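This report concerns only the one structure given below.
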């Protein structure tokens, strides 16, 4: 992991990593088994000093099983350069393709004090503790997490703001529409 | 309402209106009282023939009261041209600024067979029936809706796809970060 591009984000600013609605990678581990999937349906649920997120995780996914077993997960923001990787880990299940992380070039690392895998090359990471809500999980595949730590690539996000205009387009976050088509995060506009 | 830019979207394609994570306007009415607010925390929850959405609605908002009373609401996608309108209806409450819709130039219309207000000038609309989940609503301000009809401005969304590259930038959807700063939906990329 390139430590110089992994900078802590204050909890009360962490919602800004996801507020603009990017597609995320979801990662987790349990008993040494690591997995990563993609999710377009992830959203901020609360901000301030007690930030929360939601993410929808289908029952067939290995990553969901790991999260249910371990109680921890991470959401992280892949870049335009990672669009194909994102489609690949979102399409194939580790249940069918056991070596999918290696096959698709996904490398993970961990932050100090945590064993939750974080995906290299992303530009924002949110470490989350599952808030067990069995009705939501069973009925809607809807998972809630308390964000307990966050980091960003400080070339792209610093001082609580994104700086996409100052970096190559390959570092922009991506927003999935359907069928592997994404939009990158575009021009800034002040309302 | 300019009927020629208001075209039905099949239910099984309606998730594509929100899949890329845009900021939405939330509208509702009860007993003839109409209101509109902004929400960055809205997300797809399910697709196919039973599409669902989530949206986070603070307890202090008038729009939430209308939704709780009426059981219906709409989510719709404002454009770059509506960024200031979006900030304004998201900042001021009708409780403090009773004429906020008129003051900020918000005009609504209704679809045939429905009395839910829809906001003029948007490029996508999802008509939703509240799925009552009191624990989520009280604990997390989290509301779930069944999408029962959807429409789009066919200049921008048709055949199940966005066509932002074929229209003026003013018709792009917007993604709120913080403090009135948005990103527009940017360049397409195939993963």
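Chains as they are written, first to last, in my numbering: chain A, 37 to 227; chain B, 37 to 227. Quick reminder that beta carbons are idealized off the backbone N, C-alpha and C, glycines included. Quantities reported herein were computed from a predicted structural model and do not represent experimental measurements.
A straight-line Cα-Cα distance of about 13 angstroms links residue 190(A) and residue 50(A). The Cβ of residue 56(B) sits closer than 9 angstroms to at least one Cβ of chain A.
For residue 216(A), the chain B residues whose Cβ falls inside 8 angstroms of its Cβ are 226 and 227, in order along the chain. Judged by beta-carbon spacing, residue 157(B) lies beyond the 9 angstroms limit of residue 146(B), meaning their Cβ atoms are not closer than that value. If you draw a straight line from the Cα of residue 77(A) to the Cα of residue 122(A), it comes to about 14 angstroms. The alpha-carbon separation between residue 95(B) and residue 177(B) amounts to approximately 7 angstroms. Comparing alpha-carbon positions, the option among 135(B), 107(B) and 130(B) lying closest to residue 173(B) turns out to be 107(B).
Judged by DSSP in its simplified three-state form, residue 200(B) adopts helix. In terms of beta-carbon proximity, residue 200(B) lines the interface with chain A, with at least one pair separated by less than 9 angstroms. Across the structure, residue 89(A) and residue 184(A) are spaced so that their CA atoms are roughly 11 angstroms apart. Look at residue 161(A): its C-beta is not under 9 angstroms from any C-beta on chain B. Rounded to whole angstroms, residue 126(B) and residue 155(B) show a C-alpha spacing of 14 angstroms.
Note that the C-beta distance between residue 112(B) and residue 81(B) is not below 9 angstroms.
By the Cβ-count criterion, residue 85(A) is exposed, with fewer than 16 other Cβ atoms from all chains shown falling within 10 Å of its own Cβ.
It is roughly 23 angstroms from the alpha-carbon of residue 167(A) to the alpha-carbon of residue 75(B).
Separation of the CB atoms of residue 44(B) and residue 187(B) is rounded to 6 angstroms, and the pair is thereby assigned contact status at 8 angstroms. Among the bridge pairs identified by DSSP, residue 144(A) is matched with 155(A). In the three-state reduction of the DSSP assignment, residue 118(B) falls in the helix class, which pools H, G and I.
Looking from the CA of residue 150(B), the closest CA among 165(B), 160(B) and 137(B) belongs to 165(B). Take the alpha-carbon of residue 199(B) and the one of residue 91(A): they are about 27 angstroms apart. Nearest C-alpha to residue 116(B) among 216(B), 225(B), 209(B) and 215(B): 209(B). Excluding five sequence positions before and after residue 221(B), the CB atoms of its chain that fall closer than 8 angstroms to its own CB belong to 56, 58, 198, 200, 208, 209, 210 and 211, given in chain order.
Within chain B, 225 have C-beta atoms less than 8 angstroms from the C-beta of residue 116(A), given in sequence order. When the alpha-carbon of residue 118(B) is set against those of 182(B), 205(B) and 70(B), the nearest one is in 205(B).
Contact between residue 53(A) and residue 193(A) holds: their C-beta atoms lie close to 7 angstroms from each other, under 8 angstroms.
Shown here, residue 71(B) sits in a strand according to DSSP, grouped into three states. What residue 208(B) touches in chain A, judged by beta-carbon distance under 8 angstroms, is 222, going in chain order. In the structure shown, residue 227(A) falls within a coil segment according to DSSP collapsed to helix, strand and coil.
The C-beta separation of residue 72(B) from residue 163(B) comes to about 14 angstroms, leaving the pair out of contact by the 8 angstroms criterion. Residue 139(B) is classed as exposed because its beta carbon has fewer than 16 other beta carbons within 10 Å across all chains shown. Check the Cα spacing between residue 103(A) and each of 68(A), 160(A) and 196(A): the tightest is with 68(A).
Taking 9 angstroms as the threshold, the shortest C-beta distance from residue 79(A) to chain B falls below it.
Within a 10 Å sphere around the beta-carbon of residue 202(A) sit fewer than 16 other beta-carbons, which makes this residue exposed. Residue contact with chain A for residue 140(B): absent (no Cβ-Cβ distance below 9 angstroms to any residue of chain A).
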